[in-house]
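All remarks here apply to the structure that follows.
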Amino acid sequence: MKKFIALGLILLMSSCAELQTIAGQLPQTYGVTDAEIGSGLRQALQFGIEKEVTKLAEQDGFFKNELIRIGLPPELQKVDKTLRDVGLSSLADEGLKVLNRAAEDAVQEAIPIFTDAVKGITFTDARNILLGGDNSATVYLTGKTEQPLYQKFNPIITNSLNKVGATEVWSNIIAKYNTLPLTSKVNPDLPDYVTNEALKGVYFMIAEEEKEIRNNIVARTTDLLKRVFSLQD
């Protein structure tokens, strides 16, 4: 009882910095080791990555997911609207589909890069992630993987846009658009745009999975996940 009273007084009197220090000691206090925390975080991230990234790599993984479906870049939104206004909605829809198909082709390359990043999580990283916000793990992964993922995605997306006929589709779309009165030419860098949108979609879905594991006990599907994530409840 005395120990609990003392701990309560410490918590009441501590500054924010001191609270963080105490939080960092809680895992061992409750019988969860640093090694288990690290393993639990890696397991949770790997589960989330494999579940979400695998779904995104399937056909319509982006195109039929309203949360992350890739729309047109701002420069081409007026093209889309104009085409629909003049009865060319099917052509506009095809233009959107090929952008999303390119992202679906590229995203399957993400898992090995994410896996390497997960393996590199240190004990200190694991503690900070566990006791951080709902998206702390996703923020960590973004910092570690954004650059290599862009470099991996971009050439695949460029090739995919060619493979699925995106160049031809968009050339046709823009050609028709440019024949309309009072229009000006637009020429966005589609591979760069689709690459960045694909990355946003991947990180968004991983963040959703992270929130689920943090906030829904049922989502903690192993004993290790239950033990480790109970520390942040």
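Going by our numbering, the sequence shown opens with residue 164, and the numbers climb by one from there. All residues carry an ideal CB built from backbone N, CA and C; glycine is no exception.
Local conformation of residue i per DSSP, three classes
| i | result |
| --- | --- |
| ILE212 | helix |
| THR287 | helix |
| GLU372 | helix |
| LEU388 | helix |
| PHE226 | coil |
| THR217 | helix |
| GLY295 | coil |
| LEU343 | coil |
| PRO236 | coil |
| ARG264 | helix |
| ASN335 | helix |
| ARG383 | coil |
| GLU272 | coil |
| ASP256 | helix |
Residue i to residue j span [Cα, whole Å]
| i | j | result |
| --- | --- | --- |
| SER393 | GLY328 | 50 Å |
| VAL261 | LEU324 | 7 Å |
| ALA265 | GLY306 | 24 Å |
| ASN378 | ALA300 | 14 Å |
| LEU385 | ILE376 | Reading the sequence as shown, one finds Thr at residue 385 and not Leu. Roughly 11 Å between the two C-alpha positions. |
| ASN359 | TYR313 | 7 Å |
| PRO318 | ASN263 | 15 Å |
| ILE200 | LEU219 | 28 Å |
| ARG383 | LYS389 | 6 Å |
| ARG232 | ASP256 | 12 Å |
| PHE226 | GLY295 | 32 Å |
| THR217 | GLN271 | 7 Å |
| THR308 | LYS339 | 39 Å |
| PHE367 | LYS282 | 21 Å |
| ARG290 | PHE316 | 31 Å |
| ARG247 | PRO237 | 16 Å |
| PHE277 | ASN298 | 16 Å |
| THR245 | LEU259 | 14 Å |
| ALA361 | TRP333 | 19 Å |
| ALA273 | THR196 | 30 Å |
| ILE380 | LYS374 | 11 Å |
| ASP279 | ILE292 | 17 Å |
| LEU239 | THR287 | 45 Å |
| VAL302 | GLU372 | 13 Å |
Local Cβ density within 10 Å of residue i, reported as buried at 16 or more and exposed below that
| i | result |
| --- | --- |
| VAL249 | exposed |
| PRO354 | buried |
| ASP268 | buried |
| ASP243 | buried |
| ILE320 | buried |
| LEU230 | exposed |
| VAL391 | buried |
| ALA198 | exposed |
| VAL357 | buried |
| GLU221 | exposed |
Supposed close pair residue i, residue j - CB separation, criterion 8 Å
| i | j | result |
| --- | --- | --- |
| ILE212 | ILE369 | 6 Å |
| LEU204 | ILE284 | 6 Å |
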